[in-house]
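One line per chain: the protein sequences are U and B, in this order. Be aware that the first sequence starts at 1, since it is given in the numbering used here, and climbs by one per residue. Be aware that the second sequence starts at 1001, since it is given in the numbering used here, and climbs by one per residue. Note that the Cβ used here is the ideal one computed from N, Cα and C, for glycine as well. Since we're looking at a predicted model, the values are computed, not measured. Have a look at the structure below, then the notes.
Protein chains: 2
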Amino acid sequence: MTAKKAAETRRTSIGAQRNPDSQDAILRAAEEILVEGGLGSFSIEAVARRAHAGKPTIYRWWPTRAILLLDVYHRQKYVDIAPDTGTIETDIFQLLSGLLEFWSAGHGGAVFRSVIAEAQTDPAAGKAIAAYMADRYQQGGEIFRRAKARGEVADWVAPELAMEIITSFAWKRLLTDRLDITPEELRLVVRHLVEGFKVQ
Amino acid sequence: MTAKKAAETRRTSIGAQRNPDSQDAILRAAEEILVEGGLGSFSIEAVARRAHAGKPTIYRWWPTRAILLLDVYHRQKYVDIAPDTGTIETDIFQLLSGLLEFWSAGHGGAVFRSVIAEAQTDPAAGKAIAAYMADRYQQGGEIFRRAKARGEVADWVAPELAMEIITSFAWKRLLTDRLDITPEELRLVVRHLVEGFKVQ
């Protein structure tokens, strides 16, 4: 379930009336603020002002700043989580390099770091991230389902778990400020994942 | 370089006189506060009070709360980062299960989550974590150096990078609140790492 779907479920469950127009206006305003001023200028107050919405309206849909940030991040995200290059090596290489580059350029990395940081003290944001990640593992698992059909990947490999291992590496690089990986180093990372540590 | 060593270097470079007794008293006081009251009760002020130290003294050695927390965490840590069980599978299994259990029990997990979260907005804490992790990769890389000597691990495997991949998975489980892994699931994680995704 994506953060957006989670937010929809939440809305439905509390019986609030959805209003797609102003929901979109709020997300657009939030995105503009981020693009123009970065994370430092991002607050529920600033978003309310720009979207001509009341703060209670925003809080009804996005209970915390982190949850709103995650939805904005999710909208912006254009990284292909399941590239189809024909081999498992290059699929994983493209996925990881796309992710690390997206986080390096623009505000994507700063926003996601901030959402992860805030989720450590905000259980609702923690749940939203977990739902978002489960959704991404499911989508990205397509890489492994295709590679199994080609006979390239072992039957016992669990597509979602494999995706979790791959994206964990990317998270740690983001959170320790080490996104500047060379193609050679990234190829070596992929080789560890694809061939395993053990001698064949 | 560990956070502690980083702190020592910092002290030397600013020419401050080290005083191991009161440094230890401060770390002991910080640890007691954490054990007794958890993260919520942890502040530089509370540590100063309990250690009978001045706040400026603490700030001279540990410029931010996150850096002090990382040093306390480092002192408490009793997880064996390089278990020597005789096979690479069980070494990695023990390392990961030890880490996830340490984070689940007591305050270790909450403290480390908090340090990682604060490091996202505190560059000095980010540097301290990066130094701490580099030190851990170096120590834990021993698993791979031993396994290579046994002919169990391929020559091209990079011990520090392999340790980074392994601990990244543990970090993500911590940060997404999913430490409750079953032994079966953990064995499957280890199999992915050791055998690789690709059919042999």
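Give a yes or no on whether the C-beta atoms belonging to residue 1093 of chain B and residue 1186 of chain B are separated by under 9 Å.
In contact: residue 1093 of chain B and residue 1186 of chain B (Cβ atoms closer than 9 Å).
Local Cβ density within 10 Å of residue 194 of chain U, reported as buried at 16 or more and exposed below that
Classification of residue 194 of chain U: buried, given that the 10 Å Cβ count is 16 or more.
Chain-ordered chain B contacts of residue 88 of chain U [CB-CB under 8 Å]
Going along chain B in sequence order, the residues near residue 88 of chain U (Cβ under 8 Å) are 1197, 1198.
Close beta carbons around residue 1179 of chain B, own chain, < 7 Å, minus the five adjacent residues each side:
If you ignore the 5 residues before and after residue 1179 of chain B, its C-beta comes within less than 7 Å of the C-beta of 1100, 1103, 1104, 1109, 1173, all in its own chain and listed in chain order.
What is the DSSP secondary structure of residue 81 of chain U, counted as helix, strand or coil?
Correct three-state label for residue 81 of chain U: coil.
Taking CB distances under 9 Å as the criterion, tell me whether residue 1175 of chain B reaches chain U.
Closer than 9 Å to some Cβ of chain U, the Cβ of residue 1175 of chain B qualifies, so yes.
Per-residue burial, residue 114 of chain U [other beta carbons within 10 Å of its own, 16 or more giving buried]:
The residue in question, residue 114 of chain U, is buried, as its Cβ has 16 or more Cβ neighbours within 10 Å.
Following the continuous alpha helix (DSSP H) through residue 181 of chain U, name the residue where it begins and the one where it ends.
No residue range can be given for residue 181 of chain U, since it is assigned to no alpha helix (DSSP H) and is classified by DSSP as neither H nor E.
Would you list, in chain order, the members of the stretch 1129-1148 of chain B that have their beta-carbon closer than 8 Å to a beta-carbon of chain U?
Going along the stretch 1129-1148 of chain B in chain order, one finds 1129, 1130, 1133, 1144, 1147 with a Cβ nearer than 8 Å to chain U.
Who are the near neighbours of residue 145 of chain U in its chain, counting only those whose CB is closer than 7 Å to its CB and skipping five residues on each side?
For residue 145 of chain U, where only same-chain residues beyond five positions count, the Cβ hits under 7 Å are 159.
Residue 67 of chain U to residue 125 of chain U span [Cα, whole Å]
When rounded, the distance between both Cα atoms is 5 Å.
Within 9 Å of any Cβ in chain U, is that where the Cβ of residue 1169 of chain B sits?
Against chain U, the CB of residue 1169 of chain B has a partner CB under 9 Å away; the residue lies at that interface.
To the nearest angstrom, report how far apart residue 191 of chain U and residue 1055 of chain B are at their CA atoms.
Those two C-alpha atoms are separated by around 49 Å.
So, do the stretch 27-37 of chain U and the stretch 57-75 of chain U have three or more beta carbon pairs nearer to each other than 8 Å?
At 8 Å Cβ cutoff, the stretches touch.
Measuring only the C-alpha atoms, how far is residue 183 of chain U from residue 98 of chain U?
Each residue's CA atom was taken as its position, placing residue 183 of chain U and residue 98 of chain U some 12 Å apart.
Sequence-distant residues of its chain with Cβ nearer than 7 Å to residue 1112 of chain B (five each side left out):
For residue 1112 of chain B, where only same-chain residues beyond five positions count, the Cβ hits under 7 Å are 1073, 1103, 1174.
Output, in chain order, the set of chain U residues within a Cβ distance shorter than 9 Å of residue 1151 of chain B.
Here the neighbours are 199.
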